[in-house]
Amino acid sequence: MHFNPRQFMRNIPLHLMILPALLLIIIFSYIPMAGLVIAFQDFSPISGFRDMTWTGLENFRYLFDLPGFRQVVWNTVIISVLKIIAGLTIPVIAALLLNEVRANGFKRSIQTIIYMPHFFSWVILGGIIVDVLSPSSGIVNMLLKSLGIQPIQFLADNNWFRYVLVITDQWKEFGFGTIIYLAALTSIDQSLYEASIIDGAGRWKQTWHITLPGIRPIMILMLTLSLGNVLNGGFDQVFNLYNPLVYESGDILDTMIYRIGLQEAQYSVSTALGLIKSVVSFVFIGLGYYLAYRFAKYRIF
Amino acid sequence: MHHTSSAYRWFLRFNYVILTVIALLCLFPIVNILAISFSSSAAVNAGSVTLWPVDFTLSSYRYMLENNQFIHSFGTSLLRVVLGVSVNLLFTILVAYPLSKEAATFRSRTAYAWIFVFTMLFGGGLIPGYLVVKEMGLLDSVWALVLPGAVPIFNVLLMLNFFRGLPKELEEAAWMDGAGHLRTLWSVYLPVSLPSIATVTLFSLVGHWNAWFDGMIYMRSPEHYPLATYLQSILQQVSVQNENVTFEQAALLNEISDRTTQASQIFLSILPILAIYPFLQRYFVHGLVVGSVKG
């Protein structure tokens with residue numbers, strides 16, 4: 001393409017519209033990216049940027065030698081993967097059940113209720129969950145007690161904590177997750193069902209041979225896009241539910257980055273850990289988008 | 001399409017029951033919190049409150065309305081929502097419009113788009129972001145809660161895809177009438193984009209109201225906390241109260257346990273969300289397909 005002065009003049013306002021936003025993301029997104037260099041330095045909040053000593057990979061070595069480091073990486077991956085699996089199955093099942101409901105009023109009421117927890121923050125839900133799961137006065141343990149079961153310390157027991165995370169995450173998000181599958185279900189060609197009835201197929205066979213294949217593309221899309229979350233684990237949720245008793249099973253990269261960085265003020269070590277997470281996540285997000293593009297013709301913009 | 005074997009009819013009955021149970025499980029904790037907030041602490045501690053208040057009392061609400069920190073934080077949150085949502089909306093529209101142009105007419109479009117989208121895929125992380133906010137002197141200011149997320153890329157993508165779906169004739173007609181870009185955006189694009197604008201407004205409204213982490217790290221003293229951060233701090237602490245309670249407040253405190261005050265604060269903080277919920281439900285569904293982009 002060659003330079004076109006008329007087009008250039010006409011497009012000046014477009015550049016001006018973008019300019020303020022561009023400055024803001026340079027300041028608040030790109031400068032922090034440049035700030036990642038402190039991962040290779042011994043940065044102290046007191047002396048600031050002026051006298052920095054380069055330490056090479058010292059911070060990374062320090063991290064790898066931390067006793068709990070491998071455990072935290074493992075926790076993060078296992079919690080994320082469990083959440084991804086739950087997030088790909090439970091909303092689909094719920095959408096299939098909702099799809100069988102013919103009474104529209106009932107269906108809409110259920111949808112209204114199950115979408116709601118999505119809009120509450122983990123601060124609020126964390127407070128509610130701590131209350132509901134309390135070993136002494138929480139409703140869940142009261143119920144267990146009436147069945148003759150000993151109270152369970154759901155939020156202080158390493159055998160339970162990860163499952164509490166996955167289940168409460170689904171409790172918050174499964175309803176909202178059904179939206180996309182319900183939309184996909186309505187777009188399935190109705191004549192396929194009519195034809196299958198003539199062939200004598202029952203409802204179960206229809207679900208297996210028509211409905212599920214019909215929503216398979218969107219399921220694959222959701223799977224590929226969730227790849228970018230393998231190192232996320234869910235900071236907001238974990239931070240509002242965990243305590244030192246369950247660090248062993250529930251401490252994740254983001255909570256560790258926070259504690260090292262802002263509670264212990266080891267800026268460089270925390271940034272080194274953040275850098276590892278960002279780079280690995282970037283690879284997975286890229287891979288996810290690539291696969292989504294390959295298999296579902298999905299484009300970001 | 002209706003298949004009415006008796007097995008299927010049994011399934012349908014079972015389906016209604018299970019969906020009702022699931023919905024009740026979603027609703028229960030919220031009703032439970034509401035019931036606790038209106039109950040006496042004795043009843044709450046005895047574990048006798050489930051869905052309906054026991055020994056109905058308004059004391060936890062009375063106590064809360066005398067709690068200056070709660071009211072102050074509520075105000076901070078309102079301010080942050082007003083500023084944050086306006087700034088988000090302004091930048092969403094200003095960025096989405098140029099990026100919605102074809103690369104043939106606006107060549108830099110693709111480069112700009114990648115510069116913005118890249119920030120969704122990669123970031124400097126916690127400490128570098130914190131240091132920038134600190135170096136800019138924004139600590140303790142409401143702008144620390146507004147400016148770092150001023151350009152919501154994900155809303156921009158939603159808006160730009162909507163703009164791109166508009167018929168080309170709209171823009172061409174505006175150009176024929178001698179309108180420039182700003183005028184076209186303002187009087188041709190925006191009036192037909194109200195549903196999308198509602199969607200992105202609600203996205204950023206809920207985001208700002210619920211955000212707590214930035215308040216926790218950028219506000220050095222609790223008096224500057226927005227409501228979500230303040231709630232986070234009291235829910236994480238075992239003991240809520242500071243030392244400066246008046247005699248009347250101390251008397252009230254005897255009447256109410258931490259659980260009832262916490263419950264009433266939780267309930268009041270979700271009230272605004274519940275109030276706009278009917279709109280939320282409608283418009284969020286629109287934005288969801290693009291919503292799945294978020295990394």
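Those sequence lines, one after another, are chains A and B.
Just so we're aligned, residue 1 is where the first sequence starts under UniProt numbering, counting upward by one.
Just so we're aligned, residue 1 is where the second sequence starts under UniProt numbering, counting upward by one.
Where is the CB? At the ideal position from N, CA and C, for every residue including glycine.
Given the structure is predicted, the values throughout are model-derived calculations rather than measurements.
Stretch-stretch touch, CB-based, cutoff 8 Å, three pairs: the segment 63-82 of chain B with the segment 197-211 of chain B:
yes
For the segment 171-180 of chain B against the segment 185-203 of chain A, are there 3 or more C-beta pairs whose distance is under 8 Å?
no
In chain order, which alpha helix (DSSP H) runs of at least 4 residues are fully inside the segment 211-241 of chain A?
212-226 and 235-241
Which residues DSSP lists as bridging A:Trp74, in chain order
Bridge partners of A:Trp74: none, in fact.
Looking only at C-alpha atoms, which of A:Thr271, A:Pro67, A:Ile110 and A:Pro217 sits nearest to A:Arg294?
It is A:Pro217.
If we cut at 7 Å on Cβ distances, does B:Thr119 have a partner in chain A?
yes
Which two residues bound the contiguous alpha helix (DSSP H) that contains A:Tyr30?
A:Tyr30 -> no alpha helix (DSSP H), and no H or E assigned at all.
If the cut-off is 7 Å on Cβ atoms, which residues from the segment 132-147 of chain A count as contacting chain B, listed in chain order?
Val132, Ser137, Ile139 and Met142
Beta-carbon of A:Ser270 versus every beta-carbon of chain B: anything under 7 Å?
yes
Which residues share a DSSP beta bridge with B:Gln232?
DSSP lists no partner for B:Gln232.
Per DSSP, what kind of secondary structure is B:Trp52 in: helix, strand or coil?
coil
Pick helix, strand or coil for B:Trp212, following the three-state DSSP scheme.
coil
Three or more beta-carbon pairs under 8 Å between the segment 4-21 of chain B and the segment 98-116 of chain A, yes or no?
yes
Hey, how far is the Cα of A:Gly288 from the Cα of A:Ile220?
11 Å
Is it the case that the Cβ atoms of B:Gly124 and A:Met256 are separated by a distance below 7 Å?
Cβ distance not < 7 Å, so B:Gly124 and A:Met256 don't count as in contact.
Contacts of B:Leu231 in chain A (Cβ-Cβ under 8 Å):
Val123, Ile124 and Gly127
Alpha-carbon spacing of B:Val200 relative to A:Thr211, whole angstroms
Approximately 32 Å, taken between the alpha carbons.
For B:Trp212, would you say it is in contact with chain A, using Cβ-to-Cβ distances shorter than 7 Å as the test?
yes
Which residues, taken in chain order from the segment 48-73 of chain B, show a beta carbon closer than 7 Å to some beta carbon of chain A?
Going along the segment 48-73 of chain B in chain order, one finds Thr50 with a Cβ nearer than 7 Å to chain A.
Identify each residue in the segment 100-116 of chain A for which the Cβ-Cβ distance to at least one residue of chain B is less than 9 Å, and report them in chain order.
Glu100, Val101, Arg102, Ala103, Phe106, Lys107, Ser109, Ile110, Gln111, Thr112, Ile113, Ile114, Tyr115 and Met116
Report yes if the C-beta distance between A:Ile79 and A:Gly274 is below 7 Å; otherwise report no.
no
In the structure shown, what three-state DSSP assignment does A:Trp54 receive?
strand
Which runs of the alpha helix (DSSP H) at least 4 residues long sit entirely within the segment 139-168 of chain B? Give them in chain order.
143-146 and 153-165
If you pair each beta-carbon of the segment 161-172 of chain B with each one of the segment 68-78 of chain A, do three or more pairs fall below 8 Å?
Note that the segment 161-172 of chain B does not touch the segment 68-78 of chain A; fewer than 3 beta-carbon pairs, one per stretch, sit closer than 8 Å.
Just to confirm the assignment, what range does the alpha helix (DSSP H) spanning B:Phe91 have?
Asn68 to Leu99
Every unbroken alpha helix (DSSP H) within the segment 73-115 of chain A, with a cutoff of 4 residues, ordered by chain
104-115
For a cutoff of 7 Å on Cβ pairs, would you count A:Leu97 as touching chain B?
yes
Using only the alpha-carbon positions, how far apart do B:Gly47 and B:Asn32 sit?
11 Å
By the DSSP assignment, the alpha helix (DSSP H) with B:Arg62 in it spans what residues?
Ser59 to Leu65
Can the beta-carbon of B:Val85 be found less than 7 Å from the beta-carbon of B:Leu202?
no
Only counting the same chain, and skipping five residues up and downstream in sequence, which positions put a Cβ closer than 6 Å to that of B:Thr57?
Ser40
When the cut-off is 7 Å and only beta carbons count, does B:Leu94 lie next to chain A?
yes
Chain A residues whose Cβ lies nearer than 7 Å to that of B:Leu27
Ile113
As assigned by DSSP and simplified to three states, the class of A:Gln266:
coil
Could you check whether A:Phe174 and A:Ile300 sit closer than 7 Å to each other, using their CB atoms as the reference points?
The Cβ-Cβ distance between A:Ile300 and A:Phe174 does not fall below 7 Å.
Pairs of beta-carbons, one from the segment 57-70 of chain A and one from the segment 180-200 of chain B, closer than 8 Å: are there three or more?
Look at the beta carbons and you see the segment 57-70 of chain A not touching the segment 180-200 of chain B: under three pairs across the two are nearer than 8 Å.
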